[in-house]
Amino acid sequence: MIEARGLSKRFQDKKRGEIRAVDNVSFICQPGKIYGLLGANGAGKTTTLRMLATILEPTDGTALVCGHDVVEQPEKVRSSVGFLSTATALYRRLTAQEFVEYFGRLNGLDEATLKKRVDDIFDRLDMNGFRDRRCDKLSTGMMQKTSIARTLVHDPQVMIFDEPTNGLDIMTARTITAFIRECRNLGKTVIFSTHIMSEVEKLCDTIGIIQSGKLLVEGSLAQLRDKYAEQDLEEIFVKVVTPHFVAEEAN
Amino acid sequence: MSLRNVGIVYRKELTEALRDRRTVISTILVPLLLFPVLSVGFGSLAVALVGKAKEEVPEVMLRGGEDSPAVVDGLKKLDKIKIVPETPGWKDQIINKEIRAAVEIPSGFQADVAQQKSGTVKIFNYQGEMKSEFATDKIEAYLKEYRDKVVKERLAAKNLAETVLKPFEVARENVAPPEKVSGAAFGGIIGYMVILLCMTGAMYPAMDLTAGEKERGTMETILSSPISRMHLVLGKFFLILTAALGTAALSVLSMGVSFSVLGHYTSQSAGGRAAAAEFLLKLGPKTVISVFLMALPVAVLFSATLMTIALFAKTYKEAQSYLTPMTFVVIFPAIAAMLPGVELTPKLSLIPILNVSLLCKELVTGTYHWNYIAIIFSSTCVYAAFALFLAIKMFQRESVLFRS
């Protein structure tokens, strides 16, 4: 489970002064459910997810991931999390197998467990054809599979996806969305950020709309449709975000 | 602290480094090939050129001397000198290196000498031109010998002992063993090369493992793993240190082998032996080990400093622009140590890089000032520890890791 409690992140910018990238965000993601964080570019999605993955430290507030505090126990949190984004690249000079094994070892797996785990994942994701190929020689689809294998190697209970399909072709994107569904079916807690409405509609059990670092609204797709009297998620999103966007522009 | 995690990161970085052409070139190939090419190449070229110049029979033009047959005969009998008759434009011939020198014997020289009148024999040469200087030396030596012979004859005629004119001799005698002599002459360059190669060895991995990782997008990947940032930075640091020490070790090894091969090669000829005594540096295993031990804290200092600076950069190119000026910061004190007369003092022994450079100069001559060694080793260790501490701190700063 993930429980964000008043998560906030402020940055100092030389020109713009203090920037509130994430402002007092609280939400709960349940095991076996997918939480979708929907927002425009610069809304605060990536910063929120980076704080959950303990890559960034919150300025205020905290979050519990599998019962571990992101501020107090960041290493335990990272052991329980699989983090995937288009920014999490591969080590080009390692083979696909070496890459996955490296992260398995960093997660504390012993060699026997690691070998079994890697063999299972490579079978499951149909990666045996390129397991000894260097990452810089892999196709985009193979790279994504290798990244997925990296997030799975330590069998985490929480999966965090930051715009995982951004810039990918349709077939590779489908591999990712299928993987996200599979994680839910395995009972993992899944949170993912996107600005692609169709992905949210297809995948998410709960949707949170974020703008200017603030979580403006959250609920299931049906609840949002009822609340805003709109069927189309894009229209709902525009209705939620526009007043804040206008106020932000005025400022 | 988990050494296991540090080891995991180190092994992975080592695997990647050994598969990277640029790292292999800068860390292994450059130090292995640089010294043989520089020292054996230039050294043997110098030895060969000097030897060849000494063995060449230079042409020396004779001006005058028609009425001084004894002097002229003596000149003509000189070994490895060819006396040629006077032709017009002899000065230009010397400048154009057609002849190496000219000797002018004044009219009535021999008769004047016999009558105990003073005269001047002039030697015209091309100052600074090696072959012209060699020819001049030979002519001058002969004329001085001739003059001494005349003096001896005059003294004998008056029944005076030679000691009347030369009451005592002044003699120089070198007591320093050959390795100290060559070390004093060329020792400075050893410290300079080791320090510079330590730096170049560390530079590429330092950029690749920090700014390169940011640029390739793997920084976020590794930061999402459970490894602590301290373990991560230590794993990376040890790889950079390995590269720096590897480069230094290979360069010292390559330097030792190069000099011994060159020494063996040049000892084949007499001219080569003489030239080799002047140009070759003799390095014993004790010296090599001492220099390497002193290079250890310097390598730690460089590795941590370069990593900290490179981490600040967003891209590999930006890191290059930060680190290239660092080369000059390092070269300056290393060169300063090579200047004649610059020697270790308590104050200088606290200045990083310069101190090790000066110490290497001493070590190469076989001199071990243990108090200076202790000060320099410990002060460099303190600087290195501070640089490493700074690197660990920088790795924990989000503003550095995610600088945009």
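Residue numbers (numbering that gives the first Met the number 0), protein chains in the order written: chain A, 0 to 250; chain B, 0 to 403. For each residue, glycine too, the CB sits at the ideal point set by N, CA and C.
Asked, Found
"Can you pull out the residues from the segment 294 to 324 of chain B whose beta carbon lies closer than 8 Å to at least one beta carbon of chain A?", "none"
"Between which residues of its own chain and Pro105 of chain B is the CB-CB distance below 6 Å, once the five residues before and five after are set aside?", "Gly118"
"With 16 other CB atoms within 10 Å as the buried threshold, where does Glu95 of chain B fall?", "Note that residue 95 of chain B is Asn in the sequence shown here, rather than Glu. That one is exposed."
"Pick helix, strand or coil for Phe278 of chain B, following the three-state DSSP scheme.", "Any reading at Phe278 of chain B is ruled out, since the residue's pLDDT is 47, under 50, leaving its predicted position unreliable."
"Measuring CB to CB, does Thr46 of chain A end up less than 8 Å from Pro73 of chain A?", "no"
"Please list the partners that Gly216 of chain B has in chain A, where partner means a Cβ-to-Cβ separation under 8 Å.", "Ala86, Thr87, Ala88"
"Find the residues of chain A that neighbour Asn4 of chain B, judging by a C-beta separation of less than 9 Å, and give them in chain order.", "Arg104, Leu105, Gly107"
"Taking C-beta pairs closer than 8 Å, name the residues in chain B that Tyr101 of chain A reaches, listed in chain order.", "Ile7, Lys11"
"With Cys380 of chain B as the anchor, note down where its alpha helix (DSSP H) starts and where it stops.", "369 to 394"
"Residues of chain A with CB closer than 8 Å to the CB of Glu397 of chain B, please, in chain order.", "Leu55, Glu56"
"Using a C-beta to C-beta distance shorter than 7 Å, which residues of chain B count as neighbours of Glu74 of chain A?", "Pro225, Ser227"
"Using the C-alpha atoms, what's the distance from Ala3 of chain A back to Asp125 of chain A?", "36 Å"
"In terms of residue numbering, what span does the beta strand (DSSP E) encompassing Met60 of chain B cover?", "58 to 63"
"Taking 8 Å as the CB-CB limit, is Arg92 of chain A close to chain B?", "yes"
"As an exercise, report each continuous beta strand (DSSP E) stretch of at least 3 residues that is fully enclosed by the segment 29 to 91 of chain B, in chain order.", "58 to 63, 81 to 83"
"Apply the 10 Å Cβ neighbour rule to Asn106 of chain A and answer buried if 16 or more other Cβ atoms are within range, or exposed otherwise.", "buried"
"Between the beta-carbon of Gly107 of chain B and the beta-carbon of Asp66 of chain B, is there less than 8 Å?", "yes"
"Quick one: which chain A residues come within Cβ less than 7 Å of Leu222 of chain B?", "Ile54"
"Say whether chain A places a C-beta atom closer than 8 Å to the C-beta of Thr26 of chain B.", "no"
"Looking at the secondary structure, which residues open and close the alpha helix (DSSP H) in which Ser79 of chain A lies?", "Run containing Ser79 of chain A: none; DSSP gives neither H nor E here."
"Can you find a C-beta in chain A that's less than 8 Å from the C-beta of Gly207 of chain B?", "The sequence as given places Asp at residue 207 of chain B; Gly does not occur at that position. No, Asp207 of chain B lies away from the interface with chain A (no Cβ there is under 8 Å from its Cβ)."
"By the three-class DSSP mapping on this structure, what secondary structure does Gly140 of chain A have?", "helix"
"Which residues in the same chain as Leu93 of chain A place their Cβ atom closer than 8 Å to its Cβ, once the five residues preceding and following it in sequence are excluded?", "Tyr101, Arg133, Cys134"
"Would a check of beta-carbon distances place Arg18 of chain B closer than 8 Å to chain A?", "yes"
"Bridge partners of His67 of chain A, per DSSP?", "A:Val64"
"If I follow the unbroken alpha helix (DSSP H) through Met196 of chain A, where does it start and stop?", "196 to 202"
"Terminal residues of the continuous beta strand (DSSP E) containing Arg9 of chain A?", "1 to 12"
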